[in-house]
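Data first, discussion second: the structure below is written as structure tokens.
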Amino acid sequence: MRSSLRLAQGAKQANCGAAFGGETYSLPGPYAWRNPAAAGPSSGRLAGRPIAVKDNISYAGAPTTCSSRILEGYTPPYTAACVQRLVDEGAHIVGKTKMDEFGMGSENTHMPEGWAPVPNPSGPAGEARSVGGSSGGSAAAVAEGSAALGTDTGGSVRLPASFCGVVGLKPSYGMISRYGVVSYADSLDCVGVLGSTIDVVEEVFGVLSGPDGRDMTCASAQTRERAAEIAAAAPSSLEGLRIGLPVQTHVEGAYQIPRALLEHLKSQGAELVPVDIPALRLSLPAYYVLATAEAASNLGRFGGSWWGSSWERTRDDDSGVERRRRIRSEGFGYEVRKRILAGTHALTADAFNNSYLKALALRHDLKQQYADVFALPHPAKGVGREGGVHVLLHPTAIGPAPRLQDDGKGEDARYQYLQDVLTTSANLAGLPAMSVPASRVDGWPVGVSVVGQWGTEDVVFRTGRGIEEWAKASGSS
């Protein structure tokens with residue numbers, strides 16, 4: 001708490017939240033705000049470790065804008081549970097990182113006018129490519145030397161990790177408290193961890209993971225204990241590990257897992273098994289229906305009565321419905337407005353049965369099909385499949401980081417949405433998924449994803465280390 005108060009004082013002295021689009025927010029590089037306070041003496045599991053925090057995660061006294069004009073000047077009066085855990089273990093919060101507005105985007109290009117773009121530091125010099133989104137600033141901060149927190153609703157930690165050549169973990173839904181995190185889609189949002197190595201990510205995750213009564217979706221201690229028992233039943237190394245390769249993740253013309261990596265895994269005793277998960281093919285449209293519907297509901301709170309930029313709230317030339325319409329139209333960017341409209345439509349009487357309910361049904365089918373391929377059971381759902389796999393392995397992205405145009409914008413909207421095609425299913429099913437650097441294409445990094453049963457992050461980490469060791473030994477990462 002004392003650290004948060006010191007930060008609040010430092011932020012006030014530096015006037016950090018006073019000028020949206022000014023010096024603070026137009027900083028070059030991955031940060032929207034830099035902590036003016038120097039790291040002091042500390043103790044704990046993360047003593048002295050610099051960690052960056054995505055700009056939709058609250059830190060008392062530091063501006064939290066979600067890259068949106070509608071939150072201009074907002075500084076939260078409290079600290080998110082995940083950040084407080086880091087501070088309590090001695091970490092130094094170095095700043096807040098840039099992101100796509102309210103987490104909606106896959107290339108970190110949906111930001112207000114005047115914000116300096118985030119360059120991808122992980123490829124050949126002189127070529128402008130995306131850092132990925134929406135946690136692109138966090139991934140770029142890791143590439144520059146920090147660990148970082150992001151959020152992952154449909155791939156927003158793993159895509160940037162793949163594009164920037166770092167490790168990115170989306171944990172099981174409910175493993176890390178979301179208290180103090182600005183919501184996008186409540187049933188999909190997860191706080192994620194990005195780091196330079198799996199060891200770093202595992203260390204930070206170990207600090208963050210734990211029950212929290214302030215978040216009703218956070219898993220109980222009993223459920224966590226059961227999950228740990230299940231994970232302990234898996235092989236302790238690659239020897240005897242069964243790795244599933246979903247046939248639906250083989251996208252024609254897209255990046256494929258290097259054959260040399262697969263051969264390495266087999267040489268270490270792992271068994272590679274093709275698996276069929278038909279619902280994967282429809283996970284992307286189902287995701288966009290559910291995510292936008294939840295976003296339309298969540299973002300309804302931003303209308304100027306309480307939330308909304310300070311200068312907008314002081315205007316009194318209109319009121320009521322007209323004022324709310326103006327504030328939301330001017331405060332939200334184009335991508336956010338588009339998704340709010342899409343989600344609102346999905347919840348209308350005309351579209352509800354044919355859109356929203358069908359997406360929910362497909363999500364149910366996807367969860368069941370995942371359960372049918374895993375040898376390890378879900379902690380709440382009995383036994384696993386005899387002869388099933390322990391983890392799944394597939395590419396994180398369809399290719400390396402996409403090029404940016406001269407104006408700093410990304411590819412067309414359809415291509416941006418397609419970036420999530422391999423990542424959304426883990427969010428829909430609530431499963432842990434981690435992107436690990438595996439190779440390079442035209443000099444740019446690309447990652448592969450390890451997906452496990454709910455609560456089996458330990459198995460995901462063990463599998464990921466085998467990939468990480470191969471990539472480093474072969475020079476592929």
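Each residue of the sequence shown is one higher than the one before, starting from 1 at the first, in UniProt numbering. Ideal Cβ positions, reconstructed from N, Cα and C, are used throughout, including at glycine.
The closest CA to that of leucine 245, considering only Leu261, Ala139, Gly180, is found on Leu261.
A contact is defined here as three or more CB-CB pairs under 8 Å, and the stretch 326-338 meets this definition with respect to the stretch 105-119. Here leucine 194 is buried: its Cβ has 16 or more other Cβ atoms, across all protein chains shown, within 10 Å.
For cysteine 190, DSSP records a beta bridge to Asp152. For arginine 440, the beta-bridge partners assigned by DSSP are Pro445. Residue ranges of uninterrupted alpha helix (DSSP H) with 4 or more members, entirely inside the stretch 305-379 and ordered along the chain, are 310-313, 320-331, 334-346, 357-373. One thing to note: glutamine 416 has its Cβ within 8 Å of the Cβ of glutamate 107. Between the C-alpha atoms of proline 171 and valine 460 there is a straight-line separation of about 10 Å.
Going by DSSP, valine 383 is part of no beta strand (DSSP E) at all; its letter is neither H nor E. Scanning its chain for C-beta atoms nearer than 6 Å, with the 5 sequence neighbours on each side dropped, one finds around alanine 32 the residues Tyr25, Asp55, Lys96, Lys98, in chain order. In this structure, proline 379 and alanine 185 do not form a Cβ contact; the two beta carbons are roughly 23 Å apart against a cut-off of 8 Å.
Burial is judged here by how many other beta carbons sit within 10 angstroms of a residue's own beta carbon; histidine 394 has at least 16 and is buried. In the DSSP assignment, tyrosine 31 falls within the beta strand (DSSP E) that extends over 31-34.
Within the DSSP secondary-structure output, methionine 216 pairs in no beta bridge. The alpha carbon of glycine 192 has as its nearest neighbour, out of Gly48, Val441, Gly430, Pro445, the alpha carbon of Gly430. DSSP, read as helix, strand or coil, puts glycine 90 in coil. Counting along the chain, no alpha helix (DSSP H) covers histidine 394; the unbroken beta strand (DSSP E) around it starts and ends at 391-395. In terms of Cα proximity to serine 67, the closest of Thr348, Gly105, Cys82 is Gly105. The residues Phe374, Ala375, Leu376, Pro377, in chain order, have a CB closer than 6 Å to that of glycine 384 in the same chain once the five nearest residues on each side in sequence are set aside.
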